[in-house]
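Take 2 as the starting number for the first sequence in the numbering used here and just add one per residue. The C-beta atom is built at its ideal place from N, Cα and C for all residues, glycine as well.
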Amino acid sequence: MSIRVRFAPSPTGFFHIGSARTALFNWLYARHHGGKFILRIEDTDRERNTDDALRVLLEGMRWLGLDWDEGPEAGGEYGPYFQSERNAIYDKHLQILRDKGLAYDHEGAVFFKVSGEPQVINDLVRGRVERKEEKDFVIYRSNGSPVFHFVNVVDDMTMGITDVIRGEDHLSNTSKHCELFKAFGVEPPRFGHIPLILKQQGPGKMSKRDAGSLIEEYDHRHFIPAAVRNYLALLGWSPKDNREILSAEELVSLFDLSGVTKNNAKFDERKLSFINAQYLHALPAAEYLELARSYLKKANWRDEETRSPDNKYLDEVLLLCQEKLHAVDSIPAFIDYFFVFDYQYAPKAVKKIMKKGDPVQRVREFVEAASQLEEWTEAALEKCITTLAEANGVGTGEYIHPCRLGVSGTNAGPGFYGLLVVLGKDRTLERLQRFVENPPVVVG
RNA sequence: GUCCCCUUCGUCUAGCCCGGCCUAGGACACCAGGUUUUCAUCCUGGCGACAGGGGUUCGAAUCCCCUAGGGGACGCCA
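Structure (structure tokens):
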């Protein structure tokens with residue numbers, strides 16, 4: 002029988018990172034085994050704005066590249082895929098239990114009569130787990146609506162779910178679910194309980210309120226979806242061969258529940274950032290430019306620069322800095338000086354550079370030599386600096402450092418010669434002229 | 001309180017099932033050098049862990065037991 006798994010989120014208006022990881026593991030499992038990945042919406046809570054909440058969820062899924070074979074917008078033969086539309090199915094199944102004498106009314110609610118037998122599951126992740134369900138539990142509230150455990154089992158059963166992959170927080174619920182499956186005379190599906198994601202500081206699992214816990218945040222910050230997906234895959238799963246940067250195709254072919262860890266994993270935003278940076282550096286130019294520009298526009302960074310779709314200077318600047326960046330949302334701070342003349346000199350850079358040798362004199366010499374240059378290329382500039390350094394018996398750094406400070410106001414940035422080339426001859430000389438005439442002073 | 005799950009570097013993990021190849025491997029972070037051009041790039045190196053205690057065994061990170069710690073579930077929430 003071909004594998005059918007489902008991701009069954011409740012639309013809350015947020016797409017939590019833990020849910021996303023559960024969705025990802027289900028998706029990988031389905032794709033790896035050539036099965037079906039079903040999206041089922043547990044929208045029984047009418048209080049929330051379900052339209053909006055659903056949109057957040059679907060957008061998050063798409064952003065991560067998790068496509069579903071059945072569910073909202075995709076349809077399928079096992080619908081409806083919204084719990085709110087399945088009441089007739091639930092009622093019918095309640096009647097089945099009633100007929101078997103396994104459901105009874107008490108204080109207005111309907112209780113399920115447990116067998117009290119130990120329930121054994123051979124969990125795909127954790128191995129044999131045994132637990133006994135001692136007490137009868139409510140399956141229909143006194144207001145007539147079915148509760149989670151009941152609908153969950155009925156849905157899995159009627160949708161032909163073969164494997165239930167979910168968070169470990171459901172492990173203790175599984176005995177209830179097994180009781181129900183058996184009451185219906187149905188063999189329970191296989192279960193795989195994956196570890197939880199713990200908050201990086203303090204005790205407990207990650208919650209909506211923790212920083213970095215929402216997928217939409219990474220979208221807004223223009224993280225690369227493939228990077229987030231890659232990081233999430235590594236939380237609680239390992240390919241066991243020391244590889245970490247893995248494409249969707251590689252993840253699909255390598256993933257299986259046997260590689261899933263039993264212990265909970267702490268969320269580590271630094272590792273996520275690292276992986277995101279790897280993806281950022283590896284991005285093809287066109288894709289990178291599109292991503293960067295869309296972020297700048299969204300962040301309202303210098304409208305006059307981002308307005309035109311072919312601002313060549315902006316593109317050159319962005320490309321020059323690509324390999325240095327950690328994240329897209331750090332671009333504005335990193336490139337701003339390319340676009341203004343009145344940038345400030347960073348105190349710590351001034352302190353570091355202005356104290357050594359005679360920086361103003363070195364810059365003065367460079368301005369003089371560079372203004373004679375006919376070709377403004379990396380090779381020509383390098384030759385120019387090397388020649389000056391040799392002639393004056395000093396290292397090239399004596400020129401490069403103050404010049405960088407002069408044209409950018411900082412001591413960090415892209416490769417020096419590339420920097421000057423992108424800035425162009427006019428901007429470079431103009432900036433250095435200002436530096437010579439009004440050099441920064443060390444304070445403190 | 002009851003029940004369930006887990007326990008290798010600060011963090012994510014490999015190794016554990018099938019004990020010896022483990023003086024425990026990789027990655028992030030951190031630190032130090034290098035790239036005689038910066039650094040938020042890149043390269044090299046360093047730091048750093050088998051929770052504790054009992055067994056079993058010639059031999060245990062690997063098997064068993066106990067303790068401790070962490071997490072989760074115990075709702076007419078999902």
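Counting every other CB atom within 10 Å of its CB across the protein chains shown gives Q202 a total below 16, marking it as exposed. In the DSSP secondary-structure assignment, V121 is bridged to E131.
Check the Cα spacing between V57 and each of T23, F16, R127, E86: the tightest is with F16. When DSSP states are grouped into helix, strand and coil, I90 belongs to the helix group.
Assignment of beta strand (DSSP E) within the stretch 296-321, counting only whole runs of 3 or more residues, yields no such run.
Within the same chain, and ignoring the five residues on either side of R303 in sequence, the residues whose Cβ sits closer than 7 Å to its Cβ are F340. Annotation: the continuous beta strand (DSSP E) that includes G193 extends over 191-195.
Taken atom to atom, the span from the alpha-carbon of G61 to that of K136 is near 39 Å. Per the coordinates, the alpha-carbon of V148 lies some 16 Å from the alpha-carbon of V115.
For V351, same chain residues with a beta-carbon under 8 Å away, outside a window of 5 residues either side, are L406, P441, V442, V443, V444 in chain order. The beta-bridge partner set that DSSP reports for K37 consists of R5. R142 is the residue among E71, R142, T387 whose C-alpha sits nearest the C-alpha of Y105. Within the same chain, N231, A234, P240, L255 come within 8 Å of L247 by CB-CB distance, once the 5 residues on both sides are set aside. Taking a cut-off of 8 Å for Cβ pairs, the stretch 319-332 and the stretch 409-416 touch, as three or more such pairs fall below it. Around the beta carbon of S409, a 10 Å sphere encloses 16 or more other beta carbons of the protein chains shown; the residue is thus reported as buried. Here I18 is not bridged, per DSSP, to any residue.
By the C-beta density criterion, E399 is buried, having at least 16 other C-beta atoms within 10 angstroms.
For P190 against D156, the beta-carbon gap comes to about 11 Å, at or over 8 Å, which does not count as contact. For F149, the enclosing alpha helix (DSSP H) starts and ends at 149-159. For the pair G168 and H194, the CB atoms are nearer than the 8 Å cut-off. With fewer than 16 other Cβ atoms inside 10 Å of its own Cβ, H282 counts as exposed. Contact between the stretch 17-34 and the stretch 213-233 is present: 3 or more CB-CB pairs across the two stretches fall below 8 Å.
The alpha-carbon of T411 is positioned some 21 Å away from that of D316.
Taking 8 Å as the cut-off, the Cβ atoms of V126 and L40 do not count as close. One Cα belongs to D242, the other to D170, and the distance between them is close to 29 Å. Taking a contact to require three or more Cβ pairs closer than 8 Å, the stretch 347-363 and the stretch 428-435 do not qualify as touching. Buried is the label assigned to F192, since at least 16 other Cβ atoms lie within 10 Å of its Cβ.
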